[in-house]
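Here the structure comes first, spelled out in structure tokens, and everything after it is commentary.
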Amino acid sequence: GGTYKMSFTNFTTGNSHSFGGAFVEIEPNELIKYRDSFDDPKLPGEMITTVKLKKVSCGTELHIVQEGIPDAIPLEMCYLGW
Numbered sequence: 003g004g005t006y007k008m009s010f011t012n013f014t015t016g017n018s019h020s021f022g023g024a025f026v027e028i029e030p031n032e033l034i035k036y037r038d039s040f041d042d043p044k045l046p047g048e049m050i051t052t053v054k055l056k057k058v059s060c061g062t063e064l065h066i067v068q069e070g071i072p073d074a075i076p077l078e079m080c081y082l083g084w
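Per our numbering, the sequence shown runs over residues 3 to 84.
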């Protein structure tokens, strides 16, 4: 469980955005699932992110799925974020 709040600022433009959410499910060393919602009314709804972790010989493999991404966020930006 637990909640969080984050804010990002573009130092060039001064624009910022904030979001927060809550952890939905945590399985130590295996899974983190959380939900996000943005403070900006132009980004309505709630996103669910699921992160699966798998130990591999050279570290940890991540499998990440994001659901409910607001239409205002271009798909390409999601790849840049990770």
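All residues carry an ideal CB built from backbone N, CA and C; glycine is no exception.
Query, Result
"With DSSP collapsed to three states, give me the class of Leu45.", "coil"
"Would you mind reading off the limits of the beta strand (DSSP E) that contains Gly3?", "No beta strand (DSSP E) contains Gly3, which DSSP labels as neither H nor E."
"State the DSSP-derived secondary structure class of Glu27, mapped to helix, strand or coil.", "strand"
"Please state if the CB of Phe10 and the CB of Ser18 are separated by a distance shorter than 8 Å.", "yes"
"Could you pull the DSSP bridge partners for Asp38 from this structure?", "Gly23, Met49"
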